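Trainee: The structure follows.
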Amino acid sequence: LKIVTTPDDASKAVRWESDKPETVSVNESGEIKALKSGKTTITATSLSDASKTATCTVTVTDRIEKIELNHDVAELLFKDTLQLTATISPVTAPQEVIWKTEKFDIGGWDADQIAKVDKNGLVTAGDYRTGYVKVIATSKIDPSKKAECIVSVAKEKLSEIKVNENAINMNTNTERELTIEVFPANA
C-alpha cells in the first residue's frame, strides 16, 4: 500500500495496523500479506497528526483447487434439458462460475445450434441439430480453473452399439480396423 498526502510535501510517516493481523498482516512499509481467508481493514495513521487516517478493506479468499461438475458426459434428445452443477474446492473458495459452450466435433454447426447453457448451468438441446458440444464452467475469480462436460445431442437415444468383429486372431506387427454400428442409425 502507498501513502498519498495532501499537500504533496506533508509528512508521509505513518503507523500501519491491521484490525485482524491473523488474516492479513502489514509491516512498517505498508506491505500486506494474506494469511487466511477473511476480511480485514488496514489503517494508516499519520505520525505527525494522529487524527489523520486512511483505511483499506482487504478481502482474502482461499485459492481454488479444482472444479467438478455433476456430469462429465451427457446425452440429450432434441429440446431436452440438463442441469449441470459446479462444485468448487475448497468450499471456502469463491463459488461463482461462468458457463459457456464450445464446439466439440468437426461438424458444420455452431455450438449454440446444438445446445446452449445459461448462466445457471442449465443446458438446453436445440431442436434440429445433432452433434457434440463441450459445456465449460470456468471460475470467475481464477479463469485457469475449469471443468467440462461433453454433451451429445441426438434425434433418438442410442439403444445399442455393435462392433463388426466379436473376436479377432492377429499376428504381431499387423493392423486391423474395427468399425461400429449404432442403433438406431440416426441416434
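Residues in the sequence shown are numbered from 374 upward in steps of one, following this note's numbering. The beta-carbon is built from N, C-alpha and C at its ideal position, and this holds for glycine as well. Bear in mind that the values here come from a model prediction, so they are computed numbers and not experimental data.
May I ask which residues mark the beginning and end of the alpha helix (DSSP H) holding Q486?
Mentor: From DSSP, the alpha helix (DSSP H) with Q486 extends over A484 to I487.
Trainee: Give a yes or no on whether the C-beta atoms belonging to A459 and A498 are separated by under 9 Å.
Mentor: Result no, Cβ atoms of A459 and A498 do not sit closer than 9 Å.
Trainee: Do the stretch 488-508 and the stretch 395-414 meet, that is, are 3 or more Cβ pairs less than 8 Å apart?
Mentor: No: the two stretches stay apart, fewer than three of their Cβ pairs being nearer than 8 Å.
Trainee: What would DSSP say about K519, mapped onto helix, strand or coil?
Mentor: Three-state result, K519: strand.
Trainee: Terminal residues of the continuous beta strand (DSSP E) containing K473?
Mentor: From DSSP, the beta strand (DSSP E) with K473 extends over V470 to K476.
Trainee: Would you say the stretch 502-518 touches the stretch 427-440, given that touching needs at least three Cβ pairs under 8 Å?
Mentor: As far as the Cβ criterion goes, the stretch 502-518 touches the stretch 427-440, which means the pair count is three or higher.
Trainee: Kindly examine the ligand NAP and report whether one of its heavy atoms sits closer than 8 Å to the Cβ of S462.
Mentor: Ligands displayed in this structure: none; no statement on the ligand NAP is therefore possible.
Trainee: With C-beta atoms as the reference, is A386 less than 9 Å away from S421?
Mentor: Yes, they are a contact pair.
Trainee: By the three-class DSSP mapping on this structure, what secondary structure does G494 have?
Mentor: Here G494 sits in coil by DSSP.
Trainee: Based on Cα-Cα distance, which residue from E554, K530 and K528 lies nearest to V536?
Mentor: Residue E554 is the option with its Cα nearest to V536.
Trainee: Taking all protein chains shown into account, decide if L551 is buried (16 or more other Cβ within 10 angstroms of its Cβ) or exposed.
Mentor: It counts as exposed.
Trainee: Considering only their Cβ atoms, is the gap separating V506 from K530 smaller than 9 Å?
Mentor: No, these two residues do not count as a Cβ contact at 9 Å.
Trainee: Given a cut-off of 9 Å on the beta-carbon distance, is the pair G504 and V526 in contact?
Mentor: Going by C-beta atoms, G504 is nearer than 9 Å to V526.
Trainee: Checking 9 Å against the spacing of the C-beta atoms, do L449 and V496 come in under that value?
Mentor: Taking 9 Å as the Cβ cut-off, L449 and V496 qualify as a contacting pair.
Trainee: Please go through the same chain and pick out, in chain order, the residues whose beta-carbon is closer than 6 Å to the beta-carbon of E390, but skip the five residues on each side of it.
Mentor: T416, listed in sequence order.
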